[in-house]
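Just so it is clear: in the sequence shown, position 97 is 97 by UniProt numbering, and no numbers are missing. For every residue, glycine included, the Cβ atom is placed at its ideal position computed from N, Cα and C.
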Amino acid sequence: IFKESEEMGDIKEIDDPPTGIDGMDDGAHNEQHPEEDTEVNEEDIDEVIEFQEGEVLMEDDENGTDEEMGEPNEQSEPPFDSSITRFTKHEEPVFCLATHPLNPEICASGGADDLGYIWNTSNGQEILKLEGHKDSLSVIEFSRDGQFLATGGVDATIKIWKNLDPKLFSEWEFLMDLEASEEVTWLTWHPKLTVLLAGFSDGQIYMWQIPSGSMRVFAGHDSMTTCGNFTPDGQKILSATDSGMLFIWDPKTGTTHNKINLNEGKFALRRVQQERSGINSLVINQACTICVLGGIANGGVRLVNLKIGTVIAALDEHESHATVEVEMFEPEGLGVPLVISAGTDGTVLIHDAASFKLRNTLRHQDAITTLVIHRATGQITTGSLDKTLSTWDLKTAQQLKVHSGHQDVVHMAKLTSDHKKLLSCSDDGNVLVFEI
Numbered sequence: 001i002f003k004e005s006e007e008m009g010d011i012k013e014i015d016d017p018p019t020g021i022d023g024m025d026d027g028a029h030n031e032q033h034p035e036e037d038t039e040v041n042e043e044d045i046d047e048v049i050e051f052q053e054g055e056v057l058m059e060d061d062e063n064g065t066d067e068e069m070g071e072p073n074e075q076s077e078p079p080f081d082s083s084i085t086r087f088t089k090h091e092e093p094v095f096c097l098a099t100h101p102l103n104p105e106i107c108a109s110g111g112a113d114d115l116g117y118i119w120n121t122s123n124g125q126e127i128l129k130l131e132g133h134k135d136s137l138s139v140i141e142f143s144r145d146g147q148f149l150a151t152g153g154v155d156a157t158i159k160i161w162k163n164l165d166p167k168l169f170s171e172w173e174f175l176m177d178l179e180a181s182e183e184v185t186w187l188t189w190h191p192k193l194t195v196l197l198a199g200f201s202d203g204q205i206y207m208w209q210i211p212s213g214s215m216r217v218f219a220g221h222d223s224m225t226t227c228g229n230f231t232p233d234g235q236k237i238l239s240a241t242d243s244g245m246l247f248i249w250d251p252k253t254g255t256t257h258n259k260i261n262l263n264e265g266k267f268a269l270r271r272v273q274q275e276r277s278g279i280n281s282l283v284i285n286q287a288c289t290i291c292v293l294g295g296i297a298n299g300g301v302r303l304v305n306l307k308i309g310t311v312i313a314a315l316d317e318h319e320s321h322a323t324v325e326v327e328m329f330e331p332e333g334l335g336v337p338l339v340i341s342a343g344t345d346g347t348v349l350i351h352d353a354a355s356f357k358l359r360n361t362l363r364h365q366d367a368i369t370t371l372v373i374h375r376a377t378g379q380i381t382t383g384s385l386d387k388t389l390s391t392w393d394l395k396t397a398q399q400l401k402v403h404s405g406h407q408d409v410v411h412m413a414k415l416t417s418d419h420k421k422l423l424s425c426s427d428d429g430n431v432l433v434f435e436i
């Protein structure tokens with residue numbers, strides 16, 4: 001779909017991969033009951049216990065039970081670990097994950113140790129350490145044909161890694177660095193072409209042909225771009241900002257088809273303290289006609305008709321302070337599409353995408369940080385600040401399974417390409433693999 005030009009060069013088309021969050025003070029008490037000397041007779045002493053240096057004394061708590069000072073209580077004990085495999089090479093929090101589109105045993109992770117890894121999901125063995133970033137890795141993603149991996153960092157660097165094993169994808173090497181303007185906030189691959197799109201904290205968007213490195217710039221954002229993607233047909237690009245703007249771009253020319261301000265009109269995003277409400281996430285339906293947006297610290301979900309460039313619905317059931325991640329589930333056949341939104345208010349809301357009616361509400365004990373759709377089975381998995389993940393049935397809203405084992409906040413979760421395993425990364429520095 002891209003023009004073959006000197007700027008872009010030849011574009012390689014690839015096949016679609018298989019489908020696969022008491023009140024008396026001590027002084028008054030002592031005045032009423034002054035201390036008295038008590039005489040102790042030797043014959044009353046049964047046993048003398050000598051205190052050894054370094055020994056911890058026992059004290060009675062308010063309930064009259066002995067508790068050893070300094071010992072951890074039950075809440076500090078490690079949680080039950082339901083994972084089947086874990087990857088432990090990261091030495092600091094792990095922020096991002098990617099699963100290979102063709103081989104379910106291959107995945108990649110990146111974190112605050114400035115490192116990424118490609119590794120095996122079956123045994124947790126390292127395949128390649130991804131070195132060279134000078135700050136935390138914030139995003140990581142495989143190309144749709146599985147031949148390339150992109151890593152983006154807070155260091156304003158994007159690196160491309162190339163597969164050397166056409167059958168098993170078990171051997172990789174560094175390919176190239178890509179120019180970046182500021183911290184990388186998001187990146188994504190074209191659905192059919194070896195073309196990478198990335199957004200930055202200064203509002204710029206760049207697009208590259210890989211492996212040639214030919215680049216196109218999309219300028220026009222007035223603030224940080226927080227999310228973006230190609231439409232499923234690859235014909236348009238959508239991007240959104242922390243100032244509440246949605247842009248629709250032509251990837252062939254780099255020009256804008258439309259700009260929509262989500263802080264204006266009858267469906268404007270709620271404002272709590274900020275002057276302008278921002279957009280945190282977006283998802284596009286398969287027909288490329290509807291875009292769903294989730295807000296930043298405003299609890300908002302908005303549906304946009306892409307054909308006419310108009311907001312058509314406002315879903316404001318999340319708490320007004322919540323930041324929202326959105327997804328869509330489009331069942332095969334005659335099933336009704338669903339809009340799924342997960343918020344930092346600890347709730348998942350499931351809406352009918354046609355009538356906009358709320359169907360079900362799911363709840364975590366704490367803020368939800370990640371949302372994954374199981375498109376093959378009609379399930380979703382959510383990860384949370386409560387250190388757990390839960391898998392739910394979309395139709396019945398039943399909680400099917402709790403996945404535990406992390407000892408800190410869950411940041412992201414991904415499904416393997418065969419939909420049989422769930423991966424999650426955490427502030428505890430581990431990536432866990434669970435059976436679905």
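C-alpha distance - residue i paired with residue j, whole-angstrom precision
i      : j      : result
Arg302 : Ala413 : 24 Å
His403 : Lys420 : 14 Å
Gly111 : Asp155 : 12 Å
His133 : Asp177 : 10 Å
Met215 : Ala108 : 25 Å
Trp161 : Thr194 : 13 Å
Leu97  : Val431 : 9 Å
Pro104 : Ser417 : 5 Å
Ile350 : Ile296 : 19 Å
Leu400 : Ser82  : 14 Å
Thr391 : Thr253 : 42 Å
Met207 : Ala198 : 7 Å
His221 : Lys266 : 23 Å
Leu130 : Ile118 : 7 Å
Arg270 : Asn163 : 46 Å
Glu334 : Ala287 : Sequence inspection shows Leu at residue 334; the Glu mentioned does not correspond to that position. Cα to Cα, the separation comes out at about 15 Å.
Val311 : Ser277 : 15 Å
Gly213 : Ile205 : 15 Å
Glu319 : Asp345 : 6 Å
Thr65  : Ile368 : Only weak support is given to the placement of Thr65: the predicted model assigns it a pLDDT of 39, under 50, and the question is left unresolved by the model.
Thr85  : Leu187 : 28 Å
Beta carbon of residue i nearer than 9 Å to that of residue j
i      : j      : result
Ala240 : Ile279 : yes
Val348 : Leu422 : no
His364 : Thr388 : yes
Asn305 : His321 : no
Leu175 : Asp145 : no
Asp233 : Pro191 : yes
Gly383 : Phe329 : no
Gly153 : Ser170 : no
Glu183 : Ser201 : yes
Asn285 : Ala353 : yes
Glu141 : Trp189 : yes
Asp242 : Thr226 : yes
His374 : Leu415 : yes
Thr185 : Val139 : yes
Residue i, buried or exposed, once every other Cβ within 10 Å from all chains shown has been counted against 16
i      : result
Val433 : buried
Pro34  : With a pLDDT of only 42 at Pro34, under 50, the local geometry of the prediction cannot be trusted, and no value is derived from it.
Thr398 : According to the sequence shown, residue 398 is Gln rather than Thr. So Gln398 counts as exposed.
Lys159 : buried
Leu358 : exposed
Ala376 : exposed
Gly203 : buried
Cys425 : buried
Gln209 : buried
Pro251 : buried
Ser355 : exposed
Phe95  : buried
Ala342 : buried
Val56  : In this predicted model, Val56 has a pLDDT of only 39, less than 50, meaning its place in the structure is not dependable; the value taken from the coordinates is given anyway. Exposed is the call here.
Val339 : buried
Gly228 : buried
Whole-angstrom C-beta distance between residue j and residue i, which should lie under 8 Å
i      : j      : result
Gly124 : Thr151 : Going by Cβ atoms, the distance from Gly124 to Thr151 rounds to 20 Å, so no, they are not a contact pair.
Thr255 : Phe247 : Rounded, the Cβ-Cβ distance is 10 Å, inconsistent with contact.
Gly429 : Pro93  : 6 Å
Val326 : Leu282 : 7 Å
Val410 : Thr381 : No, Val410 and Thr381 are not in contact; Cβ-Cβ is about 10 Å, not under 8 Å.
Where the beta strand (DSSP E) through residue i begins and ends
i           : result
Val372      : 368-374
Gly199      : 195-200
Ser390      : 389-393
Met328      : 324-329
Lys89       : That residue, Lys89, is in no beta strand (DSSP E); it is neither H nor E in DSSP.
Ile237      : 237-241
Gln379      : 379-384
residue 450 : Given that the chain is displayed from residue 1 to residue 436, the structure contains no residue 450 and the question cannot be resolved.
Ser109      : 106-111
Gly228      : 225-230
Arg363      : 358-363
Cys425      : 421-426
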